[in-house]
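Take a look at the structure below.
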Amino acid sequence: MFRYDTFDPHDRYPSKSDGNETNTTQKNKAPIISLVYFQIDPSGKSHESKKSGRVDAYYTLFRLLLAVSHEVGAHTPAFEIVVVTITSLVMFYFTIRDQPFFWPRMNDIRAGIFAMAFFSGVQSGIARANGGWESPAGFAFLCAFLVPAFAVGFGGCALMRARIVKGVYRRMQERQDQKKSSQPGDLRTINSLHIRNDSDTKDLDIFEDVEKIAGEKILEPVPIFRGLNDVELAVRFLQHNRTPKALRLADAIFDAGMEQFPNYALLMLLKAYYIREYQIRDVAQVEECLRFATAMKPPFDIRFFIFFEERSLEQQNRKEDLQASQLNITRYAEIMAMDSGARKWHLEALISLKNLWEYLKTEAASVDCIPYLLEVFDGHREKADNYYQQMLGKYPVSVFRTLFFLFLFLFSLRAIVYEDGGTEAGPLLR
Numbered sequence: 496m497f498r499y500d501t502f503d504p505h506d507r508y509p510s511k512s513d514g515n516e517t518n519t520t521q522k523n524k525a526p527i528i529s530l531v532y533f534q535i536d537p538s539g540k541s542h543e544s545k546k547s548g549r550v551d552a553y554y555t556l557f558r559l560l561l562a563v564s565h566e567v568g569a570h571t572p573a574f575e576i577v578v579v580t581i582t583s584l585v586m587f588y589f590t591i592r593d594q595p596f597f598w599p600r601m602n603d604i605r606a607g608i609f610a611m612a613f614f615s616g617v618q619s620g621i622a623r624a625n626g627g628w629e630s631p632a633g634f635a636f637l638c639a640f641l642v643p644a645f646a647v648g649f650g651g652c653a654l655m656r657a658r659i660v661k662g663v664y665r666r667m668q669e670r671q672d673q674k675k676s677s678q679p680g681d682l683r684t685i686n687s688l689h690i691r692n693d694s695d696t697k698d699l700d701i702f703e704d705v706e707k708i709a710g711e712k713i714l715e716p717v718p719i720f721r722g723l724n725d726v727e728l729a730v731r732f733l734q735h736n737r738t739p740k741a742l743r744l745a746d747a748i749f750d751a752g753m754e755q756f757p758n759y760a761l762l763m764l765l766k767a768y769y770i771r772e773y774q775i776r777d778v779a780q781v782e783e784c785l786r787f788a789t790a791m792k793p794p795f796d797i798r799f800f801i802f803f804e805e806r807s808l809e810q811q812n813r814k815e816d817l818q819a820s821q822l823n824i825t826r827y828a829e830i831m832a833m834d835s836g837a838r839k840w841h842l843e844a845l846i847s848l849k850n851l852w853e854y855l856k857t858e859a860a861s862v863d864c865i866p867y868l869l870e871v872f873d874g875h876r877e878k879a880d881n882y883y884q885q886m887l888g889k890y891p892v893s894v895f896r897t898l899f900f901l902f903l904f905l906f907s908l909r910a911i912v913y914e915d916g917g918t919e920a921g922p923l924l925r
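Per this note's numbering, residue 496 is the first one in the sequence shown, and the count goes up by one each step.
In structure tokens:
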């Protein structure tokens with residue numbers, strides 16, 4: 496997957512040092528950076544990884560709004576209090592409903608912070624309406640109230656997450672029970688019934704119980720998910736359970752999500768990440784998910800991650816091909832080195848044996864030199880034999896080629912030792 500720990504935002508977004516942009520222009524880019532500058536890691540190992548940057552983009556827009564309100568309403572603190580209170584409440588809702596971070600405690604902590612900001616805004620509004628709290632006791636009460644406010648936000652986020660997940664599992668079970676108990680044609684999966692001719696009408700006896708037929712209703716399939724984010728939230732159990740049944744359940748949840756939300760590229764993108772991380776399906780289907788997501792004409796932020804994921808897959812494929820190529824090159828080089836060594840010492844052994852033979856044919860041959868020449872010949876022969884044996888043991892694929900040269904080696908020795916390759920001893924052995 497594309498990793499953002501090596502991603503330098505200054506390479507993509509110019510800094511103030513360029514001298515061509517003002518601080519306001521940099522702030523205007525902040526929402527776009529929030530949309531794409533983060534890491535998607537379903538395992539939750541990184542506490543900052545999340546499934547979407549839209550919640551943070553909303554938060555950045557609210558911060559810009561707060562900065563503008565501070566400049567515009569510098570003499571109207573009440574307006575700023577209203578902006579802070581409303582912004583905190585909206586962000587608290589987005590956090591507990593969407594649960595953007597894969598690590599659950601990060602969602603809880605942020606929900607607690609937004610809850611503190613909301614209750615602080617409410618308290619500040621009440622204090623200002625009453626003429627202000629100038630006493631230290633009022634400030635101490637405000638600070639003491641922040642701790643339970645954080646606890647409410649923290650616990651409320653955890654409870655909301657559990658409620659969403661349990662609701663999805665319950666409705667999935669209800670859908671299965673509905674399929675088992677319904678008769679063919681009861682569910683809305685069959686759009687219409689067609690009466691083909693008059694004989695069919697007579698056979699149906701539709702007028703025997705008109706009221707019963709008119710009162711029957713086609714069962715509506717139970718909607719499993721209340722929102723798109725519920726799909727991904729319901730499969731986060733893979734962070735602590737990766738058994739085969741858990742993988743099958745996660746795959747079924749994604750299938751149900753695609754059935755209910757068929758035109759959402761974000762869901763296909765998240766499914767690709769889960770396939771890569773947990774292998775809920777064949778890893779080769781990651782490319783298929785990305786292809787389907789691209790065909791849905793996704794918005795800018797989703798298209799951004801699809802692009803980087805496609806580049807990541809391309810780099811991974813190239814890396815695997817390069818590793819295979821390096822392995823083949825290394826193996827080829829090793830084989831050629833052994834083959835070259837075997838050939839070299841093969842020839843050296845033949846040459847040393849020939850030198851010994853020619854020396855023995857001379858009349859002035861000294862017996863004292865014969866052991867030395869024999870030792871040289873035996874050393875060359877042993878080295879050649881070792882190379883041949885290494886090739887046979889390490890690379891049996893080349894066994895026929897190696898055996899062929901080994902045969903030539905032994906046959907050459909026999910031709911020198913024996914006359915005409917026969918059994919009669921040659922001059923060396925006479």
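For each residue, glycine too, the CB sits at the ideal point set by N, CA and C.
Taking only runs of the alpha helix (DSSP H) that begin and end inside the stretch 605-629, which ones reach a length of at least 4 residues, in chain order? none
Taking the C-alpha atoms as reference points, what is the distance between TYR588 and VAL647? 13 Å
Under the three-state reduction of DSSP, which class applies to PHE787: helix, strand or coil? helix
Apart from the five residues just before and just after TRP598, which ones in its own chain have a Cβ nearer than 6 Å to its Cβ? Hits under 6 Å: GLY539, HIS542.
At least three beta-carbon pairs within less than 8 Å, the stretch 789-809 to the stretch 527-537: yes
Contact check, VAL660 vs PRO595 under 8 Å by CB: the rounded distance? That belief does not hold up - the Cβ atoms of VAL660 and PRO595 are roughly 15 Å apart, past 8 Å.
Alpha carbon of ILE535 to alpha carbon of TYR768, nearest angstrom: 8 Å
Just the Cα atoms here: how many angstroms apart are LYS545 and PRO537? 8 Å
I'd like the list of long-range same chain contacts for ALA729, defined as Cβ closer than 6 Å, with 5 residues on each side in sequence excluded. VAL660, VAL663, ILE748
Is it true that the CB of MET753 sits closer than 8 Å to the CB of ALA788? With respect to MET753, ALA788 sits apart: the two C-beta atoms are not nearer than 8 Å.
For LEU761, which residues of its own chain have a beta-carbon under 6 Å away from its beta-carbon, when the five flanking residues on both sides are left out? ILE797
Are the beta-carbon atoms belonging to GLN673 and PRO716 less than 8 Å from one another? yes
Spatial neighbours of HIS565 in its chain, beta-carbon cut-off 7 Å, leaving aside the 5 residues before and after: GLU575
Please list, in chain order, all residues of the same chain as HIS689 whose beta carbon is under 7 Å from its beta carbon, the five residues on each side excluded. Residue confidence is low: HIS689 scores 39 on pLDDT, short of 50, so the model does not pin down where it sits. No coordinate-derived value is stated.
Near SER772, what residues of its chain come up, given a Cβ to Cβ distance below 7 Å and the 5 sequence neighbours on each side ignored? What sits at residue 772 in the sequence shown is Glu, not Ser. These residues qualify, in order along the chain: PRO537, SER538.
Ignore the nearest five residues each way along the sequence and tell me which others in THR582's own chain have a CB closer than 6 Å to its CB. Around THR582: PHE557.
Between ARG691 and LYS707, what straight-line distance do the alpha-carbon atoms span, to the nearest angstrom? With a pLDDT of only 41 at ARG691, under 50, the local geometry of the prediction cannot be trusted, and no value is derived from it.
Within the same chain, show all residues whose beta-carbon is closer than 6 Å to that of LYS766, passing over the 5 residues directly before and after it, in chain order. Excluding sequence neighbours, LYS766 sits near PHE749, CYS784.
One or two residues paired with PHE596 in a DSSP bridge: LYS545
In the stretch 746-776, which residue ranges form an unbroken alpha helix (DSSP H) of at least 4 residues, counting only runs that do not cross its ends? DSSP runs (the alpha helix (DSSP H)) wholly in the stretch 746-776: 760-773.
Taking LEU728 as part of the alpha helix (DSSP H), name the residues at either end of that continuous run. 724-728
Quick check on the burial criterion: 16 or more other C-beta atoms within 10 angstroms. Buried or exposed for CYS652? buried
For ASP603, does the count of other Cβ atoms within 10 angstroms reach 16, so buried, or fall short, so exposed? buried
Nearest to THR873 (by Cα), restricted to the options MET586, SER861, ASN850: Before going on, a small fix: residue 873 reads as Asp here, not Thr. Comparing Cα positions, the closest option is ASN850.
Does DSSP put HIS841 in a helix, a strand or coil? helix
Under 8 Å, do ALA844 and HIS875 count as touching if we go by C-beta distance? yes
Hey, ASP593 and ASN758 are a contact pair by Cβ (cut 8 Å); roughly how many whole angstroms apart? The pair is not a contact, with the Cβ atoms about 19 Å apart (cut-off 8 Å).
Buried or exposed (CB count within 10 angstroms, at least 16 for buried), VAL778: With fewer than 16 other Cβ atoms inside 10 Å of its own Cβ, VAL778 counts as exposed.
Mapping the DSSP letters down to three states, classify PRO716 as helix, strand or coil. coil
Any idea if GLY618 is buried or exposed, counting beta-carbon neighbours within 10 angstroms, 16 or more meaning buried? It is worth fixing the name first, because residue 618 is Gln in this sequence and not Gly. Under this definition GLN618 is a buried residue.
Alpha carbon of TYR553 to alpha carbon of LEU733, nearest angstrom: 29 Å
Got a sec: is the Cβ-Cβ distance from VAL730 to anything in chain B below 8 Å? Annotation note: the requested chain B is absent from the structure, which comprises a single protein chain.
Where does VAL647 sit, in a helix, a strand or coil, going by DSSP? VAL647: helix per DSSP, three-state reduction.
Looking at C-alpha atoms only, which residue of PRO572, LEU584, ARG670 is the closest neighbour of ALA612? LEU584
Can you check whether the CB of TRP852 is closer than 8 Å to the CB of LYS878? It is not a contact, given that the beta carbons lie outside the stated cut-off.
Give the DSSP-derived three-state secondary structure of SER583 in the structure shown. helix
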